[in-house]
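To convert a position in the sequence shown, counted from 1, into the working numbering, add 40.
Think of the CB as a built atom: it goes at the ideal place given N, C-alpha and C, for glycine as much as any other residue.
Worksheet for the structure shown next.
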Amino acid sequence: MNNVARIDLRQRADYTHKANLKTGRHGWLRLTPAYSVKIVEELIVQCDRPMRIYDPFCGTATTALSAAYHGHEGVTTDINPFLVWLGEAKTAHYSPSVIAATRDACTRVVRMAKLHEVKPRPAPPIHNIERWWAPQALDFLCSLRAAIEATTEPSSQAQTLLLVAFCRTLIALSNAAFNHQSMSFKDDDQLPFDLNLDMGGMYTENVRFVLIGAGDNPDGGTSVILGDARNPVTAVDGKFNRVITSPPYANRMSYIRELRPYMYWLDFLRNGRDAGELDWTAIGGTWGMATSRLNDWQRSDSALENDALAAIVDEVAHADNKNGKLLSTYITKYFDDMWSHFRGLTSVLAPDAEVHYIVGNSTFYKVMLPVEKLYAVMLEQVGFHSVNCRAIRKRNSKKELIEFDVSAVWQG
Ligand SMILES: C[S@@+](CC[C@H](N)C(=O)[O-])C[C@H]1O[C@@H](n2cnc3c(N)ncnc32)[C@H](O)[C@@H]1O
């Protein structure tokens, strides 16, 4: 089993790279490539005095955590409640006594699960669950999940830490493969399950790994908040000196699709409808029902007006592809949502606040969508100055796909 280290409780830049070497792939919970995490770290190191740093698109909370490790206050929001839970778990302070108690609880949990001393939880209602887990792995996970609940107080730090290790274990035991941008299944998922696999030992090892990260408490404060980046003022208090973020890309990646195994097992999702609803609220999300809803979506009166974008949208709509019209609406909605975000952001910025968006461009049917340039236009339009697009790196073998740091200064 080489499918380890999918979810880090604490990602520090140096540590992240080691975890990457180990997996050789970016896993589901690496929502941005390791390189972007490194850029975030570099931008935070450049902050020469204690600052309030805001990441409107939390993901796995790397910005908030890095800010706190460097002595700043890191505040972050996400629309996905599972990521808020995970971000809180990653950024919380854990005392030595909590860590010791969690280690003890782990021993009890594993014994209970192995000896069937607890009634197993029903398997989560994930579509085609047999593709995900062999029956033996599924039985073990159902018992393990029940044993964690029976052994720890609801929402206690010990329970949170044991559940993070549970997430690592459920993915390590699955047939998920990470050799594409999106999750898929291993080609050899029909191979018989290794009956000698010590699943209890695997879980204990994951708890040990999680507890090492948990004991390394950052100096700065953090807040991880459930909120919509299109209206930051309703989610966060006070003013910020820096925004450092990696927003959703205009590439149709669905975070709900990528995160669904964790979200079902941890009761953040109960059915496909919930998943579609949540995806619809996320910027750039287009999975299942969220895709069909695009057909009926109407622009608001305060939508973004930009001739260059309108020309691109028109070209995509008339591309030689049956989905051209739908994707042109997707692009329009993506920029209308980001436009709401940029306009709302200005209410939570201190004078001279600097913002950085680590974002990639995209192509749709060979039509280039220069996301970075459109961000620059929007930032200028809402009143930022010193707007700059710095190319950081090529994203993959397609030479036109590049990642940028789009930065600007708020005039206040
Ligand atoms: C590219 S990821 C962020 C990755 C993050 N920097 C990391 O290192 O993991 C984008 C995030 O934006 C979140 N998101 C999408 N729409 C949002 C919205 N309207 N408000 C807040 N967060 C949103 C998604 O749930 C996802 O976690």
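| query | result |
| --- | --- |
| For valine 247 and cysteine 146, believed in contact at Cβ under 8 Å, the rounded distance | 4 Å |
| Exposed unless 16 or more other CB atoms sit within 10 angstroms - verdict on glutamate 412 | buried |
| Ligand 1 heavy atom lying under 7 Å from the CB of threonine 103 | yes |
| Lysine 434, buried or exposed, once every other Cβ within 10 Å from all chains shown has been counted against 16 | exposed |
| Three-state secondary structure (DSSP) of proline 121 | helix |
| Glycine 99 CB to nearest heavy atom of ligand 1 below 7 Å | yes |
| Secondary structure of tyrosine 370, DSSP reduced to three states | helix |
| As assigned by DSSP and simplified to three states, the class of tryptophan 68 | Only weak support exists for where tryptophan 68 lies, its pLDDT of 35 falling under 50; the value from the coordinates is given anyway. Note: tryptophan 68 maps to coil in three-state DSSP. |
| Any non-hydrogen atom of ligand 1 closer than 7 Å to leucine 237 Cβ | no |
| Simplified DSSP assignment, three categories, for serine 447 | strand |
| Whole-angstrom C-beta distance between arginine 310 and methionine 329, which should lie under 8 Å | So it is not a contact: roughly 14 Å between Cβ atoms. |
| For valine 149, the first and last residue of its enclosing beta strand (DSSP E) | Segment 136-154 is the alpha helix (DSSP H) holding valine 149; no beta strand (DSSP E) there. |
| Unbroken beta strand (DSSP E) run spanning threonine 403, endpoints | 402-404 |
| Assigned secondary structure, methionine 329 (DSSP; H/G/I helix, E/B strand, else coil) | helix |
| Cysteine 182: first and last residue of the uninterrupted alpha helix (DSSP H) it sits in | 175-191 |
| Segment limits, beta strand (DSSP E) that includes aspartate 234 | Counting along the chain, aspartate 234 falls outside any beta strand (DSSP E), and DSSP gives it neither H nor E. |
| Closer than 7 Å: proline 301 CB and nearest ligand 1 heavy atom | no |
| Spatial neighbours of lysine 154 in its chain, beta-carbon cut-off 6 Å, leaving aside the 5 residues before and after | Gly240 |
| Contact check, alanine 186 vs threonine 142, beta carbons under 8 Å | no |
| Arginine 270 CB to nearest heavy atom of ligand 1 below 7 Å | yes |
| Supposed close pair leucine 251, leucine 201 - CB separation, criterion 8 Å | 7 Å |
| Threonine 386, DSSP secondary structure in three states | helix |
| Beta-carbon proximity check, alanine 290 vs methionine 242, cutoff 8 Å | no |
| Outcome for cysteine 337 when other beta-carbon atoms lying within 10 angstroms are tallied against a minimum of 16 | It is worth fixing the name first, because residue 337 is tryptophan in this sequence and not cysteine. Under this definition tryptophan 337 is an exposed residue. |
| Sub-8 Å separation of valine 80 and tyrosine 94 beta-carbons | no |
| Strand pairing of methionine 408, partner residues [DSSP] | Thr403 |
| heavy atom of ligand 1 below 7 Å from leucine 389 C-beta | no |
| Other residues of its chain near glutamate 157: CB distance less than 8 Å, five sequence neighbours each side excluded | Arg151, Ala187 |
| Distance CB(valine 399)-CB(alanine 416) smaller than 8 Å | no |
| Pair within 8 Å by beta-carbon distance, proline 272 and leucine 385 | yes |
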